[in-house]
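Enquirer:
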Amino acid sequence: MNQKNSLAGIRHRLGQYGDNMHDRWLNTPGWQRWILYVALIIGALLLPSESIGGFMSPYTDWASILFFPIGTYVVLAIGLNVVVGQAGLLDLGFVAFYAVGGYAMALIGTKLGWNFWLILVVGIGICALSGITLGGPTLRLRGDYLAIVTLGFGEIIRITARNTDAIGGPNGIRGIPHPPSIDELNIFGVDVYELLGVKIFKYGVLDPRPYYYLLVALAVIVIILVKRWEKSRVGRAWAAIREDEDAAEVMGVPTFRFKMLAFAIGASIGGAMGVLWASKVISLNPNDFQFLLSATILAAVVMGGAGNLPGVMLGAFVVAWLPERFRGLQEYRMLIFGAVLVALMIFRPEGLLPSRQRKAELKEGTGGMGTLGAEVPGPESRGEEVASK
Amino acid sequence: MLLEIKDIHVHYGKIAALKGISVEVNEGEIVTLIGANGAGKTTTLKTISGLRGLSSGTITFDGQDISKLPGHKRVMAGLGQAPEGRGVFPGMTVYDNLLMGAYTRSGDFSADLAEVFELFPRLAERRTQMGGTMSGGEQQMLAIGRALMAKPKVLLLDEPSMGLAPLMVQQIFSIIEEINRRGTTVLLVEQNAQQALKLAHRAYVLETGKVVKSAPAADLLDDPDVQAAYLGGGLGHDVPPERDGAESRDVPGEQV
Numbered sequence: 001m002n003q004k005n006s007l008a009g010i011r012h013r014l015g016q017y018g019d020n021m022h023d024r025w026l027n028t029p030g031w032q033r034w035i036l037y038v039a040l041i042i043g044a045l046l047l048p049s050e051s052i053g054g055f056m057s058p059y060t061d062w063a064s065i066l067f068f069p070i071g072t073y074v075v076l077a078i079g080l081n082v083v084v085g086q087a088g089l090l091d092l093g094f095v096a097f098y099a100v101g102g103y104a105m106a107l108i109g110t111k112l113g114w115n116f117w118l119i120l121v122v123g124i125g126i127c128a129l130s131g132i133t134l135g136g137p138t139l140r141l142r143g144d145y146l147a148i149v150t151l152g153f154g155e156i157i158r159i160t161a162r163n164t165d166a167i168g169g170p171n172g173i174r175g176i177p178h179p180p181s182i183d184e185l186n187i188f189g190v191d192v193y194e195l196l197g198v199k200i201f202k203y204g205v206l207d208p209r210p211y212y213y214l215l216v217a218l219a220v221i222v223i224i225l226v227k228r229w230e231k232s233r234v235g236r237a238w239a240a241i242r243e244d245e246d247a248a249e250v251m252g253v254p255t256f257r258f259k260m261l262a263f264a265i266g267a268s269i270g271g272a273m274g275v276l277w278a279s280k281v282i283s284l285n286p287n288d289f290q291f292l293l294s295a296t297i298l299a300a301v302v303m304g305g306a307g308n309l310p311g312v313m314l315g316a317f318v319v320a321w322l323p324e325r326f327r328g329l330q331e332y333r334m335l336i337f338g339a340v341l342v343a344l345m346i347f348r349p350e351g352l353l354p355s356r357q358r359k360a361e362l363k364e365g366t367g368g369m370g371t372l373g374a375e376v377p378g379p380e381s382r383g384e385e386v387a388s389k
Numbered sequence: 001m002l003l004e005i006k007d008i009h010v011h012y013g014k015i016a017a018l019k020g021i022s023v024e025v026n027e028g029e030i031v032t033l034i035g036a037n038g039a040g041k042t043t044t045l046k047t048i049s050g051l052r053g054l055s056s057g058t059i060t061f062d063g064q065d066i067s068k069l070p071g072h073k074r075v076m077a078g079l080g081q082a083p084e085g086r087g088v089f090p091g092m093t094v095y096d097n098l099l100m101g102a103y104t105r106s107g108d109f110s111a112d113l114a115e116v117f118e119l120f121p122r123l124a125e126r127r128t129q130m131g132g133t134m135s136g137g138e139q140q141m142l143a144i145g146r147a148l149m150a151k152p153k154v155l156l157l158d159e160p161s162m163g164l165a166p167l168m169v170q171q172i173f174s175i176i177e178e179i180n181r182r183g184t185t186v187l188l189v190e191q192n193a194q195q196a197l198k199l200a201h202r203a204y205v206l207e208t209g210k211v212v213k214s215a216p217a218a219d220l221l222d223d224p225d226v227q228a229a230y231l232g233g234g235l236g237h238d239v240p241p242e243r244d245g246a247e248s249r250d251v252p253g254e255q256v
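The listed protein sequences derive, respectively, from chains H and S. Be aware that the first sequence starts at 1, since it is given in the UniProt record's numbering, and climbs by one per residue. Be aware that the second sequence starts at 1, since it is given in the UniProt record's numbering, and climbs by one per residue.
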């Protein structure tokens with residue numbers, strides 16, 4: 001009993017601290033926020049430096065793990081957050097879209113020899129389409145049923161890739177081209193590469209940093225877009241669907257269309273990351289797209305605070321970084337990773353940085369977690385109707 | 001006739017929930033559907049608002065067949081609903097909830113907001129409070145106010161008295177009457193038959209997916225069968241009434 005009280009006390013204090021910080025942030029004038037945004041972007045660009053790397057990653061090359069897994073997880077988590085955090089649709093097969101993007105880059109790059117930038121655009125289109133293809137028949141389901149179908153979809157993509165010889169079967173695809181490099185960059189006679197000490201636009205095999213900068217650029221664009229959607233009519237519709245889908249429909253929200261849109265946008269972001277990742281790794285194979293990756297990204301979203309972008313990014317960072325940081329402990333690192341996850345769920349059950357709206361939904365208890373609330377369709381809900389047809 | 005439901009059948013899987021229900025709602029009326037648990041009241045309302053599909057039958061609204069129209073388009077046509085269990089968005093403030101009600105509309109809602117706040121002064125006091133943290137009665141007010149924000153021709157209300165204190169029920173019902181006086185047609189589903197019959201102009205009694213009686217509400221208040229079944233003072237309707245043998249005359253629905 002006593003222990004429970006002290007636990008609740010810690011939880012409460014943590015929550016209050018978070019609330020205060022949140023209030024302060026909401027009262028910050030716009031120009032100060034912009035300064036912080038710019039500082040964050042510059043900070044992200046300076047991250048792959050040796051001095052930070054020594055502490056952050058004593059066992060592996062810091063710049064390499066910044067691209068994968070850390071950066072990759074962050075972008076994937078932002079994409080999955082649109083589906084899970086904003087629209088409240090539990091997607092357990094998000095890795096499928098990442099795989100589609102990766103294979104799009106690999107196939108078009110090796111077979112047709114297209115330029116990376118062109119493939120990026122086409123890949124995003126293909127992924128949006130595959131999101132709609134998956135969503136069309138499955139978004140009539142709700143809750144756990146949707147989760148199971150998406151889980152199946154993730155596996156179908158991987159197993160199909162493994163058994164299709166035309167796309168390399170289990171061996172995957174080799175010789176994926178890199179993005180086009182700029183070998184020399186002179187502005188007004190100043191050699192920019194020498195000035196910075198990094199050949200920022202030279203995409204080779206050895207230096208991971210140019211890819212990381214590209215990833216930061218992609219992340220910034222994605223964040224701006226997602227933030228704009230969140231604040232628009234679309235975002236309000238998603239929030240309504242997440243909180244009470246039937247009520248949203250009788251408010252005049254075309255729920256099905258908006259759920260499809262969330263799927264398509266999430267898929268596009270996952271796909272864009274897939275294209276970028278594939279352009280770095282030279283070869284990929286179906287085992288790069290295991291279910292575990294979907295689960296990890298979902299863990300990052302939920303742990304960080306579903307629906308809140310900074311929280312989700314922080315969650316992804318922690319989930320990606322911790323196992324790398326403790327690589328020296330070998331097998332035990334997963335034990336520590338697990339312990340951290342458990343501690344988080346005890347002290348911050350709503351996530352590291354939850355959104356206020358989400359917290360209110362959680363307190364309400366019903367439907368608040370969206371379909372994450374493991375809603376079991378009764379005779380009144382449509383999931384049952386579809387399942388029985 | 002503003003809203004006409006003709007012989008609708010609805011199935012949950014293989015189980016028939018509605019077995020040929022016909023209801024008519026004229027402009028300016030308050031019509032109520034009463035009945036026990038599982039009679040099909042809520043299903044009827046959900047079918048009208050488009051949350052459930054029809055197996056057969058038609059729904060005509062304002063001269064237009066809306067049987068196949070998706071739910072969100074019916075809102076634009078002029079059907080507003082306060083759903084079962086209120087359906088307030090818990091993570092949105094009262095103000096945001098009300099704005100969600102006007103989702104299909106564009107332009108200036110300040111006049112409509114003012115009207116809702118006038119009908120429900122409590123909502124004006126609580127406009128920055130999260131929907132999920134309000135009491136049941138306040139949530140019901142919010143659900144009705146939110147439905148009004150769509151400027152509906154017909155307001156569909158699903159058990160507005162559910163889980164509320166008697167005083168609050170009185171208050172909600174008098175507001176429903178006021179809304180009707182201002183020109184909105186109301187279709188009310190209620191288990192609280194006494195209250196509903198006092199308020200409504202006409203009423204339908206539902207039983208296991210069928211309409212067993214339809215009459216002016218005042219007549220039903222005096223009807224011995226209805227009194228026995230829904231207003232207390234007798235056993236359930238399942239027990240065959242032997243009092244006056246008037247059963248067959250009073251129950252035209254059962255011959256269908």
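From the three backbone atoms N, C-alpha and C, an ideal C-beta is built for every residue, glycine too.
Is there a Cβ from chain H that is less than 8 Å from the Cβ of residue 35(S)?
Expert: Stepping through the second sequence from its first residue, residue 35(S) is reached at position 35. So no, residue 35(S) is outside the interface.
Enquirer: Report the three-state DSSP secondary structure of residue 274(H) (helix, strand or coil).
Expert: Looking up residue 274(H) in the first sequence gives position 274. Residue 274(H) falls in the helix class under three-state DSSP.
Enquirer: Apply the 10 Å Cβ neighbour rule to residue 263(H) and answer buried if 16 or more other Cβ atoms are within range, or exposed otherwise.
Expert: Counted from its first residue, the first sequence places residue 263(H) at position 263. Per the 10 Å Cβ criterion, buried.
Enquirer: Pick out whichever of 93(S), 181(S) and 107(S) has its Cα sitting closest to the Cα of residue 143(S).
Expert: As a working note, residue 143(S) is residue 143 in the second sequence. When only C-alpha atoms are compared, the closest one is 93(S).
Enquirer: Would residue 75(S) pass as an interface residue toward chain H - the criterion being a Cβ-Cβ separation below 8 Å?
Expert: The residue labelled residue 75(S) in the question sits at position 75 within the second sequence. So, interface residue.
Enquirer: Among the residues of its own chain, which have a CB less than 8 Å from the CB of residue 340(H), if the five just before and after it don't count?
Expert: Taking the first sequence and counting its residues from 1, one reaches residue 340(H) at position 340. Cβ neighbours of residue 340(H) beyond the five flanking positions: 318 and 322.
Enquirer: Can you check whether the C-beta of residue 244(S) is within less than 8 Å of a C-beta belonging to chain H?
Expert: Working through the second sequence from its first residue, we reach residue 244(S) at position 244. Caution is warranted here: a pLDDT of 48 is assigned to residue 244(S), below 50, making its placement in the model unreliable, and the coordinate value is therefore given only provisionally. No, its Cβ sits nowhere closer than 8 Å to a Cβ of chain H.
Enquirer: Can you tell me where the beta strand (DSSP E) holding residue 191(S) begins and where it ends?
Expert: As a first step, residue 191(S) is located in the second sequence; it is residue number 191 there, counting from the start. Where residue 191(S) is concerned, there is no enclosing beta strand (DSSP E), given that its DSSP letter is neither H nor E.
Enquirer: Would a check of beta-carbon distances place residue 72(S) closer than 8 Å to chain H?
Expert: Position 72 of the second sequence, counting from 1, holds the residue named residue 72(S). Closer than 8 Å to some Cβ of chain H, the Cβ of residue 72(S) qualifies, so yes.
Enquirer: Label residue 160(S) either buried or exposed according to how many other C-beta atoms from any shown protein chain fall within 10 Å of its C-beta, with 16 as the threshold for buried.
Expert: If you number the second sequence from 1, residue 160(S) lands on position 160. Counting the other CB atoms within 10 Å of its CB gives residue 160(S) a total of 16 or more, which places it among the buried residues.
Enquirer: Could you confirm whether any beta carbon from chain S is found closer than 8 Å to the beta carbon of residue 251(H)?
Expert: Along the first sequence, one-based indexing puts residue 251(H) at 251. Yes, residue 251(H) counts as interfacial toward chain S.
Enquirer: Quick check on residue 258(H): does DSSP put it in helix, strand or coil?
Expert: Locating residue 258(H) in the first sequence gives position 258, counting from the first residue. In this structure, residue 258(H) counts as helix in the three-state DSSP scheme.
Enquirer: In chain S, which residues lie with their C-beta within 8 Å of the C-beta of residue 230(H)?
Expert: Translated into the one-based positions of the first sequence, residue 230(H) becomes position 230. What residue 230(H) touches in chain S: nothing, since even the nearest Cβ is about 13 Å away.
Enquirer: Which value, in whole angstroms, describes the spacing of the CA atoms of residue 78(H) and residue 128(H)?
Expert: Here residue 78(H) refers to the residue found at position 78 when the first sequence is read from its first residue. Here residue 128(H) refers to the residue found at position 128 when the first sequence is read from its first residue. Looking at the two C-alpha atoms, the distance is approximately 15 Å.
Enquirer: How about residue 29(S): is its C-beta nearer than 8 Å to some C-beta of chain H?
Expert: As a position in the second sequence, residue 29(S) is number 29, starting the count at 1. No, residue 29(S) does not count as interfacial toward chain H.
Enquirer: Please determine, among 147(H), 352(H), 287(H) and 159(H), the residue with the shortest C-alpha to C-alpha distance to residue 311(H).
Expert: Taking the first sequence and counting its residues from 1, one reaches residue 311(H) at position 311. Among 147(H), 352(H), 287(H) and 159(H), the Cα nearest to that of residue 311(H) belongs to 352(H).
Enquirer: Along the segment 334-366 of chain H, what residues have a CB closer than 9 Å to any CB found in chain S?
Expert: 355, 356, 357, 358, 359, 360, 361, 362, 363, 364, 365 and 366
Enquirer: Could you pull out every residue in the same chain whose Cβ sits closer than 6 Å to the Cβ of residue 48(H), ignoring the five residues on either side in sequence?
Expert: As a first step, residue 48(H) must be located in the first sequence, where it is residue number 48. In chain order, 63, 66, 209 and 212 place their CB closer than 6 Å to the CB of residue 48(H), counting only its own chain and leaving out the 5 sequence neighbours on each side.
Enquirer: Measure the alpha-carbon distance for residue 93(H) versus residue 31(S) and round it to whole angstroms.
Expert: Here residue 93(H) corresponds to residue number 93 of the first sequence, with the count starting at 1. Here residue 31(S) corresponds to residue number 31 of the second sequence, with the count starting at 1. Computed Cα separation, rounded: 48 Å.
Enquirer: What number of angstroms, rounded off, separates the C-alpha of residue 221(H) from the C-alpha of residue 41(H)?
Expert: Taking the first sequence and counting its residues from 1, one reaches residue 221(H) at position 221. Taking the first sequence and counting its residues from 1, one reaches residue 41(H) at position 41. So the two alpha carbons sit approximately 11 Å from each other.
Enquirer: If distances are taken between C-alpha atoms only, which option among 82(S), 37(S), 46(S) and 136(S) comes closest to residue 11(S)?
Expert: The sequence position of residue 11(S) within the second sequence is 11, counting from 1. For residue 11(S), the nearest C-alpha among the options comes from 46(S).
Enquirer: Does the segment 330-347 of chain H touch the segment 109-125 of chain S, meaning 3 or more C-beta pairs lie closer than 8 Å?
Expert: no
Enquirer: Whole-angstrom Cβ separation of residue 282(H) and residue 200(H), contact assumed at under 8 Å?
Expert: Sequence index remark: in the first sequence, residue 282(H) carries index 282 (1-based). Sequence index remark: in the first sequence, residue 200(H) carries index 200 (1-based). Not confirmed; about 20 Å, so no contact.
Enquirer: In three-state DSSP terms, what is residue 201(S)?
Expert: To locate residue 201(S), count along the second sequence from 1; it is residue 201. Of the three classes helix, strand and coil, the one that applies to residue 201(S) here is coil, per DSSP.
Enquirer: What are the start and end residues of each continuous alpha helix (DSSP H) run of 4 or more residues lying completely inside the segment 125-184 of chain H, in chain order?
Expert: Segments of the alpha helix (DSSP H) lying fully in the segment 125-184 of chain H: 143-163.
Enquirer: Do residue 279(H) and residue 68(H) have their beta-carbon atoms positioned less than 8 Å apart in this structure?
Expert: Translated into positions along the first sequence, residue 68(H) becomes position 68. Translated into positions along the first sequence, residue 279(H) becomes position 279. No; because the gap between Cβ atoms is not below 8 Å, this pair is not in contact.
Enquirer: Along the chain, which unbroken stretches of the alpha helix (DSSP H) at least 4 residues long are found entirely within the segment 23-71 of chain S?
Expert: 41-49
Enquirer: Please report the straight-line C-alpha distance between residue 197(H) and residue 336(H), rounded to a whole angstrom.
Expert: As a working mapping, residue 197(H) is identified with position 197 in the first sequence. As a working mapping, residue 336(H) is identified with position 336 in the first sequence. Roughly 37 Å separates the two Cα atoms.
Enquirer: Skipping 5 residues on each side, what residues in its chain have a beta carbon closer than 8 Å to that of residue 28(S)?
Expert: By 1-based counting over the second sequence, the position of residue 28(S) is 28. So the list reads 180, 183 and 185, once near-sequence residues are dropped.
Enquirer: Taking 8 Å as the CB-CB cut-off, is residue 254(H) touching chain S?
Expert: Within the first sequence, residue 254(H) is the residue found at index 254, counting from 1. For residue 254(H), the answer is yes, since a Cβ of chain S falls inside 8 Å of its Cβ.
Enquirer: Using the DSSP secondary-structure output, state which residues sit across from residue 80(S) in a beta bridge.
Expert: One-based indexing of the second sequence puts residue 80(S) at position 80. Beta-bridge analysis with DSSP links residue 80(S) to 155(S).
Enquirer: Got a sec: is the Cβ-Cβ distance from residue 244(H) to anything in chain S below 8 Å?
Expert: Position 244 of the first sequence, counting from 1, holds the residue named residue 244(H). Closer than 8 Å: yes.
Enquirer: Count the other CB atoms, across all protein chains shown, that sit within 10 Å of the CB of residue 159(H); report buried if there are 16 or more and exposed otherwise.
Expert: As a working note, residue 159(H) is residue 159 in the first sequence. With fewer than 16 Cβ atoms within 10 Å of its Cβ, residue 159(H) is classed as exposed.
Enquirer: Can you check whether the C-beta of residue 236(H) is within less than 8 Å of a C-beta belonging to chain S?
Expert: Residue numbering aside, residue 236(H) sits at position 236 when the first sequence is read from its first letter. For residue 236(H), the answer is yes, since a Cβ of chain S falls inside 8 Å of its Cβ.
Enquirer: If you pair each beta-carbon of the segment 73-87 of chain S with each one of the segment 246-255 of chain H, do three or more pairs fall below 8 Å?
Expert: yes
Enquirer: Specify the secondary structure class of residue 135(S) as computed by DSSP and reduced to three states.
Expert: Position 135 of the second sequence, counted from the first residue, corresponds to residue 135(S). Three-state result, residue 135(S): coil.
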